[in-house]
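Below is one structure, written out as structure tokens, with a few remarks after it.
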Amino acid sequence: MKKTLTLLLALTLCVCALGTLASCGDKNSYTIGICQLMKHESLDKATEGFIKAVEEEMEKAGKTVTFDTQVPGEANLCATVIGAFTAKNVDLIMANATPALAAAANATATIPVLGTSVTDYNDTFKSGIPSNVSGTSDAVPFGDQAQMMIDTLGLEAGDKVGVLYCSNESNSAFQYEQVKTYFDSKGIVVEKYTFSETTELQTVVTAAADACRAIYVPSDNTVANNDTVVGTVCDSKNVPVYTSYPSAIAYASLGIDYYQLGYETGKMAADILLNGKSPADLEVKVITPTMSYNDELCAKLGITVPAN
Amino acid sequence: MGFLNAIPGAVAQGLIWGLMAIGVYISYKILDIADLTVDGSICTGACVAGVLITNGVPAWVAVIAAFIAGAVAGTVTGLLHTFMGIPSILAGILTQLMLYSVNLKILGGKSFLLVDSRSHTLMLNQINNPMAILVAGLIIAALIVVLWLFFYTEFGLTLKSTGDNPDMSRAQGVNVNFNKVLGLAISNGVVALAGSLLTQYQGFADINMGRGAIVIGLAAIFIGLSVSLKIKPNFVVSLIGVVGGGIVYYLVYTFVIILGLDTDLLKMLSALVVAIFLAVPYLKGKYFAKKPTLEDVMGGDSNA
């Protein structure tokens with residue numbers, strides 16, 4: 416037992432020594448830790464865009480950068496991953512999704528932290544965004560989205576709109592509240608339809624489609640992964656679906672390109688590392704969403720697609 | 604170098620999950636009930652503590668409140684099992700399902716709550732790992748002392764006997780049903796306590812925090828006991844062993860992450876570690892133990 420213990424310790428020390436030698440560089444090479452909450456199409460694209468942008472900027476400046484990309488898969492492990500990053504003293508942490516961002520902001524007050532795929536920073540950090548935190552937001556202008564629905568469907572006061580989202584998702588409830596505020600001001604009744612497991616989705620969508628004139632889906636990853644169910648149910652009941660992410664089932668969608676979002680975050684990272692800016696100097700960025708209409712579906716319900 | 608720096612963080616997290624494993628130990632080893640409520644009660648503890656702290660309540664009060672909330676959850680499972688006759692595993696699952704909705708309501712309909720260490724005084728936090736280790740260590744030490752004193756009172760011993768042999772205990776006049784409910788309440792209270800520490804450590808409470816918690820608890824128990832039972836098979840050493848199991852589990856996690864191995868393999872690697880810890884003593888006993896000789900079996904010629 417003693418011998419194996421000694422051997423194990425010796426081995427660990429060797430690995431660590433090698434690690435030190437490798438990182439013993441000057442500021443011509445940077446390490447960036449990327450904590451992506453889980454494997455998901457939008458999050459994957461954001462990470463891709465981020466890496467691309469940073470690599471491009473680093474190449475222009477003649478420096479090298481190594482990325483340590485970790486996908487913990489659940490919120491609890493974010494603290495472990497971020498702990499590893501702070502132990503390695505990375506130069507910057509990119510946190511992809513809200514729990515990752517919270518874990519990063521909690522664990523360090525010195526390492527710059529850039530968030531992405533987070534909807535609202537002020538809602539997340541109720542006591543103010545920490546000085547070492549900034550990033551990009553995937554929020555879409557909810558007022559525009561609501562107005563688009565009102566205009567195309569001719570919604571009037573008293574009409575009912577259903578908001579469908581998964582109760583597990585950190586950003587969805589916030590988007591529901593934003594959209595609700597806008598609709599409330601026009602006298603339109605908004606009802607939320609939430610589910611926690613994908614097995615419940617069909618029942619919930621059916622109930623929503625039966626009761627509402629239109630359904631709105633915020634940028635909710637769980638619904639996005641299973642939206643064919645939503646499309647089938649709503650089509651059969653002739654209820655139009657509007658989404659805040661690009662989707663095949665949506666009659667109209669206001670969405671952002673996550674690769675672009677990650678790319679902008681990457682440019683911010685390069686700004687911090689190469690130009691000495693601090694996250695406190697950088698405002699949280701949003702990118703312009705694109706509006707797209709599904710002509711076929713709209714024609715089916717007699718919805719006129721605005722000519723822009 | 605990176606790994607050495609990461610050890611304090613791993614130890615701190617291991618201590619918190621080790622505390623959770625103590626709760627699972629009470630229900631699983633002492634009461635002999637596979638209690639799945641813990642996936643829900645650890646989240647309940649986190650949510651209750653998170654909401655109280657962000658509303659200005661002192662952290663130590665929030666932690667006690669979390670314990671009470673967990674005890675209530677455990678009581679519900681206990682009553683479902685004893686009063687309504689539902690098998691214990693199902694009772695645990697039902698309470699866990701109920702707790703999902705309860706936790707959502709505690710969080711005010713949101714699925715996420717930030718507990719900001721800069722604006723509230725927390726008992727422990729990831730930004731200061733040595734302090735976190737000290738605080739968690741003290742809480743665990745105090746809890747082990749309390750549990751040790753409790754389980755060696757006459758009443759506490761009846762709790763142990765309930766798990767050991769419920770029929771015999773009943774024959775001896777022990778109220779087995781009451782003991783099961785109380786045991787589950789204590790167990791889930793401890794788990795919720797761990798949840799309240801976890802939320803302060805990582806700075807947020809999330810509705811999905813509990814998923815798979817029972818697996819980590821059981822892994823910590825098996826890893827810890829496989830070592831501590833060799834040292835001394837008594838109550839206090841077992842509890843310390845369980846906490847040690849939690850620390851080992853998180854050291855493995857951190858090691859895998861620092862090594863840069865594919866995090867997709869994280870869960871598989873941790874499962875393999877648990878399997879190795881369980882298999883080594885068994886294999887040693889089976890293939891490497893001294894084969895008993897005829898004299899050992901027959902007992903020699905002392906009593907011809």
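Protein chains in written order, with the working numbering: chain A, 416 to 723; chain B, 604 to 907.
Glycine included, every Cβ here is placed at the ideal spot set by N, Cα and C.
Asked: Taking three-plus beta-carbon pairs below 8 Å as touching, is the segment 635–646 of chain A in contact with the segment 657–666 of chain A?; Found: yes
Asked: Considering Cα atoms alone, identify which of B/A774, B/D767, B/N608, B/A822 is closest to B/M623.; Found: B/A822
Asked: If you scan the segment 724–768 of chain B from start to end, which runs of the alpha helix (DSSP H) of 4 or more residues do you find wholly inside it?; Found: 732–754, 757–767
Asked: At 7 Å on the CB atoms, spell out the chain B contacts of A/E489, in chain order.; Found: N811, R814
Asked: May I have the straight-line CA-CA distance separating B/R773 from B/A637, to the nearest angstrom?; Found: 21 Å
Asked: Note down, in chain order, every chain B residue with its Cβ under 8 Å from the Cβ of A/V486.; Found: T866, D867
Asked: Would you say A/V578 lies against chain B (beta-carbon separation less than 8 Å)?; Found: no
Asked: Rounded to whole angstroms, what is the Cα-Cα separation between A/I544 and B/A668?; Found: 29 Å
Asked: Within this structure, are the beta carbons of A/T531 and A/T501 separated by less than 8 Å?; Found: no
Asked: Which one of A/T479, A/N583, A/L616, A/A629 has the shortest CA to CA distance from A/T643?; Found: A/L616
Asked: What are the start and end residues of the beta strand (DSSP E) that includes A/A667?; Found: 667–670
Asked: Please compile the residues from chain B whose C-beta is within a distance smaller than 8 Å of the C-beta of A/A663.; Found: Result: empty, since nearest Cβ-Cβ is about 26 Å, beyond 8 Å.
Asked: Could you pull the start and end residues of the beta strand (DSSP E) that B/G673 belongs to?; Found: Careful: B/G673 lies outside any beta strand (DSSP E), inside the alpha helix (DSSP H) at 662–685.
Asked: Given a threshold of 16 other Cβ atoms within 10 Å of its Cβ, counted over all protein chains shown, does A/L669 qualify as buried or as exposed?; Found: buried
Asked: Please report whether the beta-carbon of A/G498 lies at a distance below 8 Å from any beta-carbon of chain B.; Found: yes
Asked: Which stretch, first to last residue, makes up the alpha helix (DSSP H) that contains A/T680?; Found: 673–690
Asked: Do A/S585 and A/P633 have their beta-carbon atoms positioned less than 8 Å apart in this structure?; Found: no
Asked: Just the Cα atoms here: how many angstroms apart are B/L618 and A/Y678?; Found: 39 Å
Asked: How is the beta strand (DSSP E) around A/S532 delimited, first residue to last?; Found: 528–533
Asked: Can you tell me whether B/I834 is buried or exposed? The criterion is at least 16 other CB atoms within 10 Å of its CB, across all chains shown.; Found: exposed
Asked: Can you list, in chain order, the stretches of the alpha helix (DSSP H) that have 4 or more residues and sit fully within the segment 763–819 of chain B?; Found: 769–774, 779–805
Asked: Can you grab the Cα-Cα spacing for the pair A/I526 / B/V777, in whole Å?; Found: 58 Å
Asked: Kindly identify the DSSP beta-bridge partner or partners of A/Y597.; Found: In the DSSP output, where bridge partners are listed per residue, A/Y597 has none listed.
Asked: If contacts are defined as beta-carbon pairs under 8 Å, then B/I736 and B/A615 qualify, I think. What distance do you get, rounded to the angstrom?; Found: 5 Å
Asked: For a quick check, are the C-beta atoms of A/V594 and A/A561 less than 8 Å apart?; Found: yes
Asked: Counting only Cβ pairs nearer than 7 Å, list the residues of chain B close to A/E584.; Found: S714
Asked: Assess, as a yes-or-no matter, whether the segment 797–810 of chain B is touched by the segment 689–699 of chain B under the definition of 3 or more beta carbon pairs within less than 8 Å.; Found: no
Asked: In its own chain, which residues sit with a C-beta less than 8 Å from the C-beta of A/G440, not counting the 5 before and 5 after it?; Found: Confidence in A/G440 is poor, its pLDDT being 42 and thus under 50, which makes the residue's placement unreliable; the coordinate value appears in the next sentence. Nothing listed; no residue qualifies.
Asked: Check whether the Cβ of A/P704 lies closer than 8 Å to any Cβ atom in chain B.; Found: no
Asked: Starting from the Cα of B/L727, find the closest Cα among B/A816, B/L741, B/I709 and give me that residue.; Found: B/L741
Asked: What residues in the segment 614–625 of chain B have a beta carbon less than 8 Å from any beta carbon of chain A?; Found: Q616
Asked: In chain E, what lies closer than 8 Å to B/Y853 by C-beta?; Found: In the structure shown, chain E cannot be found, because the protein chains are A and B.
Asked: Do you know how far the Cα of B/I826 is from the Cα of B/L886?; Found: 15 Å
Asked: Near A/A665, what residues of its chain come up, given a Cβ to Cβ distance below 7 Å and the 5 sequence neighbours on each side ignored?; Found: V656, Y657, T658, N709
Asked: Could you name the residues of the same chain whose beta carbon sits closer than 7 Å to that of B/L844, not counting the 5 residues immediately before and after it, in chain order?; Found: Checking the sequence shown, residue 844 of chain B turns out to be Gly, not Leu. These residues qualify, in order along the chain: G827, L828, V830, S831.
Asked: Contact criterion: CB-CB distance below 8 Å. Does A/D441 meet it with respect to chain B?; Found: For A/D441, the predicted model reports a pLDDT of 47, less than 50, meaning its position is unreliable; a value from the coordinates is still stated below. Chain B, which has no Cβ nearer than 8 Å to the Cβ of A/D441, makes this no.
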